[in-house]
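Going by the working numbering, the sequence shown runs without a break in its numbering and finishes at 1528. Read the structure below first, then the notes.
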Amino acid sequence: MFYGVGLDEDIGRLWLRFRVRDIEREAWERRAFAVQRGAAELLQGRVEFSEIRIETNRPDGSGEVGQYIPATPAAD
């Protein structure tokens, strides 16, 4: 479930936040990278950013927050 997007203009970081259900880590990583790619394709040229970060709860079903994919540089 998607629940947030933000832009830190000072450092050029676009971040997206969402909650995930109990899924395998590999599936979670594939989804997170797919979201990064989709956001970059949709927003490049419209929003100025140099990297994208995905933040989620842990994919183990615990509901704990704080899991994230490290920020990925946006292609020029």
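Note that the Cβ used here is the ideal one computed from N, Cα and C, for glycine as well.
Do you know how far the Cα of residue j is from the Cα of residue i?
i: R1476; j: D1512; result: According to the sequence provided, residue 1476 is Glu. The question's Arg does not apply to it. E1476 and D1512: Cα-Cα distance of roughly 7 Å.
i: T1508; j: E1493; result: 21 Å
i: R1498; j: R1465; result: 14 Å
Compute the beta-carbon to beta-carbon distance between residue i and residue j, rounded to the nearest angstrom, for a pair I have assumed lies under 8 Å.
i: A1526; j: S1502; result: 6 Å
i: I1506; j: Q1488; result: 6 Å
On a CA-only basis, which of the options is nearest residue i? Give me that one, please.
i: W1467; options: S1514, G1497 and A1484; result: A1484
i: R1510; options: Y1455, V1472 and M1453; result: V1472
i: G1456; options: S1514, A1491 and Q1496; result: A1491
Would you kindly report the start and end of the unbroken alpha helix (DSSP H) that includes residue i?
i: G1490; result: R1477 to L1495
Give the range of the beta strand (DSSP E) segment to which residue i is assigned.
i: I1504; result: E1503 to N1509
i: G1456; result: F1454 to D1460
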